[in-house]
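Peer 1: Mind looking over this structure? Questions follow.
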Amino acid sequence: MKIALLGYGKMGHEIERICAKMDHEIILIIDSEDDWGKSGSRLKEADIAIDFSVPDQVVKNIYRCFDASVPVVVGTTGWYNETEEVKNVCYERGQSLCYSTNFSIGFNLFFDLNRHLAKLMSERGEYEISIEETHHIHKQDTPSGTAIVLANDIIKHIGRLAKWVKENPDKPEELGIKSFRVENAPGTHKIRYESENDMIEIVHSAKNRRGFAIGAIMAAEWLIGKKGCFEMNDMLFRNI
5 MKIALLGYGK MGHEIERICA KMDHEIILII DSEDDWGKSG SRLKEADIAI DFSVPDQVVK
65 NIYRCFDASV PVVVGTTGWY NETEEVKNVC YERGQSLCYS TNFSIGFNLF FDLNRHLAKL
125 MSERGEYEIS IEETHHIHKQ DTPSGTAIVL ANDIIKHIGR LAKWVKENPD KPEELGIKSF
185 RVENAPGTHK IRYESENDMI EIVHSAKNRR GFAIGAIMAA EWLIGKKGCF EMNDMLFRNI
């Protein structure tokens with residue numbers, strides 16, 4: 005594949021390192037509006053774009069890919085209040101988009117495990133439920149997009165919960181998400197069910213950024229030739 009890399013932070017560098025060892029070529033790196041002015045016309049030469057930019061830039065990047073008819077894989081979070089509009093434009097214009105809060109293969113299995121556990125615990129009102137997430141200090145969105153997906157999946161199956169809140173909940177229908185930002189932390193997410201008698205926890209801890217980068221490249225390989233809007237579940241579980 006010929007790849008346009010949109011965003012050249014830690015994830016962008018990791019994707020570049022992995023592509024150098026594979027049969028993929030990074031033909032364009034965009035990390036600022038100046039880069040778009042200097043090199044943006046080369047986007048149409050790419051087979052696919054991978055975006056790990058910033059929340060206030062990502063939607064503009066997606067539309068630029070649509071304009072160039074270049075499929076785009078998006079790992080940037082913090083733009084999901086615009087998801088429906090972007091999806092509608094994607095379908096209307098016959099374009100291709102795959103987005104996820106987390107491209108780690110292991111974490112997408114963790115998403116599925118979280119949903120299954122929530123179903124099992126849906127009638128167990130004696131358990132208090134909480135979420136903790138830890139990321140590096142440069143992560144811009146708090147809580148993480150991944151933690152929000154975990155929370156929404158729990159709320160969908162636990163009838164007594166209505167919404168998630170940052171830190172400690174004030175009301176019984178609220179699910180608390182505690183966020184921690186520390187140096188050099190690729191990401192840890194913890195779901196806890198706790199009663200007076202015992203505690204159940206499921207935890208996913210990333211060891212490095214390589215798993216996220218590999219998942220994004222796999223999604224890019226999978227998206228080639230497809231039209232529409234997709235998430236990682238479509239790639240991993242569509243045929244199960």
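Using the numbering used here, the first residue of the sequence shown is number 5, and each one after it goes up by one. Using N, Cα and C, we set each Cβ at its ideal position, and we do this for glycine too.
1) In the structure shown, what three-state DSSP assignment does K123 receive?
2) Answer with buried or exposed for T87, where buried requires no fewer than 16 other C-beta atoms within 10 angstroms of its C-beta.
3) According to DSSP, what are the bridge partners of K211?
4) Excluding the five sequence neighbours on either side, which residues of its own chain have a C-beta within less than 7 Å of the C-beta of K123, listed in chain order?
5) Going straight from the alpha carbon of D27 to that of I52, what length do you get?
6) Which whole-angstrom value describes the C-beta separation of K170 and P147, a residue pair presumed to lie in contact below a C-beta threshold of 8 Å?
7) Let's test the definition: count the other Cβ atoms within 10 Å of the Cβ of I244 and tell me whether it reaches 16, buried, or not, exposed.
8) Just to confirm, is the Cβ distance from E137 to S183 under 8 Å?
9) The alpha helix (DSSP H) with S43 in it runs from where to where?
10) Throw me the rounded Cβ distance for the L154 and H193 pair, which I believe falls under 8 Å.
11) Where does the unbroken beta strand (DSSP E) through T105 begin, and where does it stop?
12) Does DSSP put D55 in a helix, in a strand, or in coil?
13) Below 8 Å, can you find three or more Cβ-Cβ pairs linking the stretch 209-216 to the stretch 102-111?
14) Assuming contact is defined by CB atoms lying nearer than 8 Å, are V76 and D55 in contact in what I supplied?
15) For Y103, count neighbouring C-beta atoms within 10 Å of its own C-beta (all shown protein chains included) and say buried if the count is 16 or more, exposed if not.
16) What residue ranges within the stretch 172-237 form continuous alpha helix (DSSP H) runs of no fewer than 4 residues, ordered along the chain?
17) In its own chain, which residues sit with a C-beta less than 7 Å from the C-beta of V62, not counting the 5 before and 5 after it?
18) Suppose you measure from the CA of T105 to the CA of T150; what does that come to, to the nearest Å?
19) Given that a residue counts as buried once 16 or more other Cβ atoms are within 10 Å of its Cβ, and exposed if not, what is N249?
Peer 2: Taking the definition as stated:
1) Sequence index remark: in the sequence shown, residue 123 carries index 119 (1-based). Three-state result, K123: helix.
2) Taking the first residue of the sequence shown as position 1, residue 87 is located at position 83. It is exposed - the Cβ of T87 has fewer than 16 other Cβ atoms within 10 Å.
3) Walking along the sequence shown from the start, residue 211 turns up at place 207. According to DSSP, K211 bridges with nothing at all.
4) To locate residue 123, count along the sequence shown from 1; it is residue 119. Excluding positions up to five away in sequence, the list reads H161.
5) Walking along the sequence shown from the start, residue 27 turns up at place 23. Walking along the sequence shown from the start, residue 52 turns up at place 48. Near 14 Å, if we compare the C-alpha coordinates of I52 and D27.
6) The residue labelled residue 170 in the question sits at position 166 within the sequence shown. The residue labelled residue 147 in the question sits at position 143 within the sequence shown. K170 to P147, Cβ: 6 Å. Contact.
7) The sequence position of residue 244 within the sequence shown is 240, counting from 1. Only weak support is given to the placement of I244: the predicted model assigns it a pLDDT of 44, under 50, and the value that follows is read from those uncertain coordinates. Exposed, by the Cβ-count rule.
8) Within the sequence shown, numbered from 1, the residue matching residue 137 stands at position 133. Within the sequence shown, numbered from 1, the residue matching residue 183 stands at position 179. It is a contact, given that the beta carbons lie within the stated cut-off.
9) Locating residue 43 in the sequence shown gives position 39, counting from the first residue. Its alpha helix (DSSP H) spans residues 37-43.
10) Stepping through the sequence shown from its first residue, residue 154 is reached at position 150. Stepping through the sequence shown from its first residue, residue 193 is reached at position 189. Beta-carbon to beta-carbon, L154 and H193 are separated by about 6 Å, close enough to satisfy the 8 Å threshold.
11) Working through the sequence shown from its first residue, we reach residue 105 at position 101. Counting along the chain, T105 falls outside any beta strand (DSSP E), and DSSP gives it neither H nor E.
12) Here residue 55 refers to the residue found at position 51 when the sequence shown is read from its first residue. Residue state, collapsed to three classes: strand.
13) Contact holds: three or more Cβ-Cβ distances are below 8 Å.
14) Here residue 76 is taken as the residue at index 72 of the sequence shown, counted from 1. Here residue 55 is taken as the residue at index 51 of the sequence shown, counted from 1. Closer than 8 Å, so yes.
15) Stepping through the sequence shown from its first residue, residue 103 is reached at position 99. Y103 should be labelled buried.
16) 214-227
17) If you number the sequence shown from 1, residue 62 lands on position 58. Counting only Cβ-Cβ distances below 7 Å, and skipping sequence neighbours, we find D55, V78, T80, W83.
18) Indexing the sequence shown from 1 puts residue 105 at position 101. Indexing the sequence shown from 1 puts residue 150 at position 146. Going by the C-alpha atoms only, they are around 5 Å apart.
19) Any answer about residue 249 is impossible in this case: the structure gives the chain only from 5 up to 244.
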